[in-house]
Every structure is written in structure tokens, then in C-alpha cells.
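Undergrad:
Residue numbers (the numbering used here): 456 to 753.
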């Protein structure tokens with residue numbers, strides 16, 4: 456039994472998964488990525504760049520930004536201020552990698568990553584937000600959520616894990632809940648990482664055939680392949696109902712993970728007024744990569 460099977464019988468072959476009017480299909484078990492996917496992946500979803508950011512340039516800029524993150528963390532510890540960021544997006548959008556780029560060089564005693572599993576029986580009987588609140592930052596902390604309460608906005612209704620009434624109630628209550636977070640004085644960020652369909656397929660294919668990445672692929676990922684439009688519909692509704700002045704959504708074009716990570720960090724750093732901030736080291740945010748609200752790139 457190979458690593459693919461050991462993950463829990465992730466799924467059988469996906470043949471003839473039609474993605475457009477041309478009748479093109481995708482088979483995740485085929486070791487050879489279809490040419491039309493490999494050629495179009497980076498430029499899918501009207502992505503503004505034809506090539507990835509140069510790797511040397513990426514690491515050079517990332518090091519500068521990570522130095523600034525360390526400065527910001529020292530400032531948080533000194534002042535007791537709190538920062539919290541949510542990372543949302545489709546499967547394989549690059550949430551985990553973006554979080555790692557932020558967290559990698561920080562003191563783990565005051566920078567935490569929260570990636571919760573499905574609710575326990577006790578948690579399922581609680582107020583929906585309750586299990587997330589217990590992980591909120593204390594004085595001087597930075598907390599990064601790899602998915603969050605927004606599971607109920609997109610994943611749960613698409614996959615049938617909540618009722619339509621629970622979904623509607625969530626969208627109604629969330630702006631008030633997040634207003635409380637901001638009123639408490641927590642610096643609060645919400646990132647939606649957006650990728651094109653071909654890019655998602657390419658990343659799923661890479662995970663399927665890389666023994667070091669196979670753990671990232673789940674049965675839910677496979678099921679989501681045929682629910683692209685359902686995810687889009689719920690995402691758009693979520694952005695419309697929960698993008699507020701107090702807690703705005705930052706939309707990140709993430710077909711190129713390198714550009715996405717750099718601009719996410721730049722946004723966080725330029726929002727925080729910490730001691731010794733070097734704006735030249737931070738650089739300018741790429742407006743073609745980062746936007747705000749439901750109409751960011753329409």
C-alpha cells in the first residue's frame with residue numbers, strides 16, 4: 456500500500472471531470488499533468504503575471520520582511536498589544552505556506568498557529584464561536600489561524616456540514632462578533648487567498664504524486680474539485696455579508712505563492728505602527744496582488 460492509500464483511501468480515479476465548455480477533463484491519478492493545465496495554471500483566473508517571482512528576489516525580500524516581523528514582535532511584547540490574522544481560501548490556496556513565512560523566524564513563545572480539527576462532541580454543542588475564542592491572543596501575542604470560524608461560511612454549507620439556517624445565522628452574527636474583537640483592541644486581519652481552477656488542480660496533482668506532500672491531500676479536497684462553482688457562490692456571499700469597515704477582507708491573488716506571501720506580510724507590517732519600522736525594507740504593496748472587499752478584482 457503506497458502513501459496515497461495510507462492517507463485513508465483518499466479517492467479513486469477522477470476521470471472526465473469537466474471544467475469548461477470544451478469538455479476538458481482532469482485525472483488526479485495520472486502521473487502526467489495535462490498540458491492544458493500546466494500551460495495555463497499561473498495565468499488562470501486572470502492572474503496578472505505570466506511568470507513566478509524570481510526565487511532569489513523572493514528570498515531577499517522575505518528576509519527583509521522577516522527582520523521587520525521580529526521588530527514588530529518585540530514591540531508587541533513591550534506594549535502588550537495583540538495581533539490576530541485569519542487565513543482562508545480554497546484547498547491548496549497557500550494558507551499554510553503564508554503562515555509559515557510569517558511565523559518561521561518569530562519567537563514561538565508569543566507567536567502561535569491555530570489549526571483546529573473538526574469539533575468534538577462537546578464543542579459541537581457550544582456556541583459556534585466559543586472554541587475559537589479560547590485561542591485568541593493574550594497580551595503581546597500574535598496568533599495566526601489556519602482556517603477559522605469562516606468554515607461555516609463556505610466549507611460547511613458546500614459540503615453539507617451545517618444547515619441553511621445555521622449558515623444564514625452565521626452570516627448575520629459574524630459582523631457583530633468581529634466588531635467586539637476590534638473594540639477589544641486586537642489588531643485583526645482577514646485574508647482570503649484566491650487561486651484559479653487550473654492552479655488548484657496543479658497543486659492537487661503535485662500533492663498526489665509527491666510523497667512529502669501527500670498528507671496534504673484529503674477526501675474533502677477531492678470532493679471539492681467538482682464543487683468549484685458552489686464554493687465561488689458561498690465565497691462571494693461571505694465577502695458581501697462580512698466585509699466591514701471594522702473587519703475588512705484582504706483579497707490575495709495567490710497563483711504565485713511567492714508574491715502572495717510577500718504582500719501579505721507587507722500589509723500586516725504597514726498596518727502596525729511599531730518601533731523602528733523600516734518602510735524601505737518593507738517595500739510597496741503590489742495592488743495587482745492585494746485588494747480589499749468583494750469587488751477587489753472585479
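Yeah, the Cβ is synthetic: ideal placement off N, Cα and C, and Gly gets one too. Given the structure is predicted, the values throughout are model-derived calculations rather than measurements.
Going by DSSP in three states, residue 649 sits in which element: helix, strand or coil?
TA: The residue given as residue 649 occupies position 194 in the chain shown. Residue 649: strand per DSSP, three-state reduction.
Undergrad: DSSP on residue 604, reduced to helix/strand/coil?
TA: Along the chain shown, read from residue 1 onward, the residue named residue 604 stands at position 149. If DSSP states are grouped into helix, strand and coil, residue 604 belongs with the helices.
Undergrad: I want to see whether chain B comes within less than 8 Å of residue 578, judged by CB atoms only; does it?
TA: The structure shown contains no chain B, having only a single protein chain.
Undergrad: How big is the Cα-Cα spacing for residue 754 and residue 744?
TA: No information on residue 754 is available, as it lies outside the stretch 456 to 753 that the chain covers here.
Undergrad: Going straight from the alpha carbon of residue 718 to that of residue 502, what length do you get?
TA: Start at 1 with the first residue of the chain shown, and residue 718 comes out as number 263. Start at 1 with the first residue of the chain shown, and residue 502 comes out as number 47. Cα to Cα, the separation comes out at about 15 Å.
Undergrad: At what residues does the alpha helix (DSSP H) containing residue 727 begin and finish?
TA: Locating residue 727 in the chain shown gives position 272, where the first residue counts as 1. From DSSP, residue 727 is part of no alpha helix (DSSP H); its letter is neither H nor E.
Undergrad: Can residue 614 and residue 675 be called in contact, C-beta distance under 8 Å?
TA: Numbered from 1 along the chain shown, position 159 holds the residue referred to as residue 614. Numbered from 1 along the chain shown, position 220 holds the residue referred to as residue 675. Cβ distance < 8 Å, so residue 614 and residue 675 count as in contact.
Undergrad: Could you compute how far the alpha carbon of residue 493 sits from the alpha carbon of residue 499?
TA: As a working mapping, residue 493 is identified with position 38 in the chain shown. As a working mapping, residue 499 is identified with position 44 in the chain shown. Cα-Cα distance, rounded: 10 Å.
Undergrad: Please go through the same chain and pick out, in chain order, the residues whose beta-carbon is closer than 6 Å to the beta-carbon of residue 724, but skip the five residues on each side of it.
TA: Indexing the chain shown from 1 puts residue 724 at position 269. Result list for residue 724: 523, 737, in chain order.
Undergrad: Taking the C-alpha atoms as reference points, what is the distance between residue 573 and residue 691?
TA: Position 118 of the chain shown, counting from 1, holds the residue named residue 573. Position 236 of the chain shown, counting from 1, holds the residue named residue 691. Cα-Cα distance, rounded: 24 Å.
Undergrad: Would you kindly report the start and end of the unbroken alpha helix (DSSP H) that includes residue 641?
TA: Looking up residue 641 in the chain shown gives position 186. Here residue 641 belongs to no alpha helix (DSSP H), and DSSP marks it neither H nor E.
Undergrad: Please report the straight-line C-alpha distance between residue 568 and residue 529, rounded to a whole angstrom.
TA: Start at 1 with the first residue of the chain shown, and residue 568 comes out as number 113. Start at 1 with the first residue of the chain shown, and residue 529 comes out as number 74. C-alpha separation (whole angstroms): 18 Å.
Undergrad: Using alpha carbons as the reference points, say which of 517, 586, 587 lies closest to residue 554.
TA: Translated into the one-based positions of the chain shown, residue 554 becomes position 99. Nearest of 517, 586, 587 to residue 554, Cα basis: 517.
Undergrad: Is residue 705 helix, strand or coil when you go by DSSP?
TA: The residue given as residue 705 occupies position 250 in the chain shown. Of the three classes helix, strand and coil, the one that applies to residue 705 here is strand, per DSSP.
Undergrad: With a floor of 3 residues, list each beta strand (DSSP E) that falls wholly inside the segment 527-595, ordered by position along the chain.
TA: Within the segment 527-595, the complete beta strand (DSSP E) runs of at least 3 residues are 538-544, 566-569.
Undergrad: Please classify residue 663 as buried or exposed, where buried requires at least 16 neighbouring CB atoms within 10 angstroms.
TA: Residue mapping note: residue 663 aligns to position 208 of the chain shown, counting from 1. Classification for residue 663: buried.
Undergrad: Would you kindly check if the distance between the Cβ of residue 716 and the Cβ of residue 544 is under 8 Å?
TA: Walking along the chain shown from the start, residue 544 turns up at place 89. Walking along the chain shown from the start, residue 716 turns up at place 261. No, these two residues do not count as a Cβ contact at 8 Å.
Undergrad: Mark residue 588 as exposed unless 16 or more other C-beta atoms lie within 10 angstroms of its C-beta, in which case mark it buried.
TA: What you label residue 588 is simply residue 133 of the chain shown in a count that begins at 1. Exposed, since its Cβ has fewer than 16 Cβ neighbours within 10 Å.
Undergrad: Would you identify the three-state DSSP class for residue 598, choosing helix, strand or coil?
TA: Locating residue 598 in the chain shown gives position 143, counting from the first residue. In this structure, residue 598 counts as strand in the three-state DSSP scheme.
Undergrad: For residue 711, which option in 488, 477, 509, 484 has the closest C-alpha, if you only look at C-alpha atoms?
TA: On the chain shown, position 256 is the one that residue 711 refers to. If we check each option's Cα against that of residue 711, 509 comes out closest.
Undergrad: If I'm right that residue 547 touches residue 659 with Cβ under 8 Å, what's the distance once you round it to whole angstroms?
TA: Here residue 547 refers to the residue found at position 92 of the chain shown. Here residue 659 refers to the residue found at position 204 of the chain shown. 6 Å between Cβ atoms; contact.
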